[in-house]
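Working notes, structure below.
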Ligand code: AMP
Ligand code: GLY
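Residue numbers (our numbering): 8 to 439.
Below, the structure written as structure tokens:
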């Protein structure tokens, strides 16, 4: 069958790498892909944000399964542009994708379904929002309700900071329309875990819990980035807690989405924080995490295309029956051991950085090592940097230490001008 991946980051390279291993796949395309997907997938020249053009491409080229990497095409309604009788699409409808594209939608859904999350108020009026933060004490979190490319969350230590954040979002409109509505919420403390669940809207199957490293600096300091590294499984999420998250968070979220008339298919990403009062949802995403996908997929021992087709066709439940699985049984669909990924970034990221630097000394893929490309491109036979996050050096090992050792050894060997990385990926698990 023909499979098309939409997107061009490290997550999409990891998806292409895993999907290529499926015996069902005779042709794989990636729109637009990157320097790394080129050896696995044909570059497809369709604008990933033009949802009708992608749907037309799938229809005209008999693409059986289209997999959407980033949130923007889902929020634009790419799933609704597909005819499910002809071409499968892995991902939620526009209305269900609001779980990510509107924080107001997701907070209201959680509140009405009793899903644990930070207490909040939503505002469309700047003066009202300002008056509200002046009445509050201590740290609080200000969030643009719409999509802001991962930058729309300000953790504020004081009223003054919160007030400035509101001014940026609602007054200056630094995130455009995404800041027309804001959420002001309670500040929560605890380790964060990313939980990915593949679902057909009714039943779901969890993938191993992972942990991202969002800040640019060691010890989780400095500005937020798209993610500087990840590892899985995160030991902080033991089997008992995972089952609890499935029962108290994922299952009721899917139920609430069904009852709301917005049934959800695809992968549901729950960003959780493990507080002293139990796990709470910080946010949902309507897609695979980046860089979490780069560690979760190398451990997956089942055919990802099968899982995606079951999701699209509403058959996750029958797969679970056949294999005698429960939703939290991820160990039965993953190999044992750990995976870790270290992001090599361009100096200056997440601020301005240089592009076009030549990348050399890339290690060959091995059973325990694979380098997923993010911001790379080929030009005149040379591999060049083309983004802030350049490569995801990913390793697996029997222990987390071993996986990290392998990843860092390869990361040190790779060269390009301005390369930098965090040296402490996995620190929470190693110190824990
Ligand atoms: P989000 O995009 O909603 O995941 O937020 C980005 C990051 O901001 C999260 O990964 C957390 O580190 C932090 N954050 C978001 N909401 C809260 C909260 N209510 N309390 C503390 N930290 C938060
Ligand atoms: N790793 C964070 C995200 O994908 O949103």
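Glycine residues also receive a C-beta, built at the ideal position from the N, C-alpha and C atoms.
- Taking a C-beta distance under 8 Å as the contact criterion, residue 392 and residue 433 do not qualify as a contact pair.
- Annotated as distal: residue 361 and residue 428, with beta-carbon spacing of 8 Å or more.
- Apart from the 5 residues on each side of it in sequence, residue 104 sits with its Cβ closer than 6 Å to the Cβ of 81, 82 and 293 in its chain, given in chain order.
- DSSP places residue 315 within a helical segment (H, G or I) once states are collapsed to three.
- At a threshold of 7 Å, residue 296 counts as near the ligand GLY, since its beta carbon sits closer than that to one of the ligand's heavy atoms.
- The closest heavy atom of the ligand AMP lies less than 7 Å from the beta carbon of residue 162.
- Pairing residue 246 with residue 335, the inter-Cα distance amounts to about 8 Å.
- With 16 or more other CB atoms across the displayed protein chains lying within 10 angstroms of its CB, residue 299 is buried.
- Taking 7 Å as the cut-off, one finds at least one heavy atom of the ligand GLY near enough to the beta carbon of residue 292.
- In this structure, residue 148 has its CB closer than 7 Å to one or more heavy atoms of the ligand AMP.
- With a threshold of 16 other beta carbon atoms within 10 Å, residue 343 falls short and is exposed.
- Proximity of the region 206-217 to the region 234-241 meets the contact definition, three or more beta-carbon pairs being nearer than 8 Å.
- Boundaries of the beta strand (DSSP E) harbouring residue 275: 273-282, taken from the DSSP string.
- Its chain contains 103, 106, 116, 208, 270 and 271 as the residues whose beta carbon lies nearer than 8 Å to that of residue 264, once the 5 sequence neighbours on both sides are disregarded; these appear in chain order.
- The ligand GLY never approaches residue 425 closely enough for any of its heavy atoms to be under 7 Å from the residue's Cβ.
- Boundaries of the alpha helix (DSSP H) around residue 17: 17-27.
- Boundaries of the alpha helix (DSSP H) around residue 305: 299-306.
- Straight-line measurement puts the Cα of residue 66 at about 29 Å from the Cα of residue 385.
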